[in-house]
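Below: one structure, written as structure tokens.
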Amino acid sequence: MTDPDQRERMAQLEARIDRFKSKDKPETSHQNESYSQAQLAWRMVIELVTGLGIGFGMGYGLDSLLETTPAFLVVFTMLGFVAGIKTMLRSAKEIQLTEADKAADDETPDGADEKRVKDGD
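Going left to right, the sequence shown walks through residues 1 to 121 as the UniProt record's numbering numbers them.
Laid out in structure tokens, this is it:
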């Protein structure tokens with residue numbers, strides 16, 4: 001068994017560790033939010049361009065390999081565009097769900113979840 005003196009020392013050590021950890025946390029500002037939004041926008045643009053590029057590459061490769069007119073190029077470029085749009089929409093939905101979760105966490109008071117659990121809700 002541990003003696004009370006050792007428990008007290010552990011509690012003090014944990015408090016010191018928490019203080020040092022809180023010093024390292026950067027404060028969020030409006031500028032960081034804008035930077036985050038810019039990252040999300042670039043992510044969506046890159047997803048669209050990647051879909052187009054892959055479709056273009058596949059179509060061009062098939063047209064070169066089969067020595068055909070640019071039929072495959074057009075078809076696969078359109079398919080790449082559709083795939084890019086689909087990926088962008090999936091990313092937008094993911095971001096929207098993340099933002100909704102953050103908003104729900106901000107609105108919930110600290111003790112509300114505990115009260116709900118106790119009440120059985």
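A virtual CB, placed ideally from N, CA and C, is assigned to each residue, including glycine.
Considering just the uninterrupted stretch of the alpha helix (DSSP H) at residue i, what are its terminal residues?
i	result
Glu-98	Here the sequence assigns Thr to residue 98, which means Glu is not the residue at that position. First-last of the alpha helix (DSSP H) with Thr-98: 71-107.
Could you check the C-alpha separation between residue i and residue j for me, to the nearest Å?
i	j	result
Met-78	Asp-101	35 Å
Phe-56	Ser-91	22 Å
Lys-93	Val-74	29 Å
Ser-22	Arg-16	10 Å
Val-82	Val-45	13 Å
Met-88	Arg-9	52 Å
Gly-51	Glu-67	24 Å
Glu-99	Ile-85	21 Å
Arg-19	Gly-53	49 Å
Ile-97	Gly-61	Note on identity: in this sequence residue 97 is Leu, with Ile being the wrong assignment. Each residue's alpha carbon lies about 38 Å from the other.
Asp-105	Ala-38	24 Å
Arg-7	Ala-103	38 Å
Quick check on residue i: buried or exposed, where buried means 16 or more other Cβ atoms within 10 Å of its Cβ?
i	result
Gly-59	buried
Glu-107	exposed
residue 136	Outside the shown range of the chain, which is 1 to 121, sits residue 136, and nothing can be said about it.
Quick one: measure Cβ to Cβ for residue i and residue j, integer angstroms, because I've assumed they're closer than 8 Å.
i	j	result
Leu-40	Ile-95	6 Å
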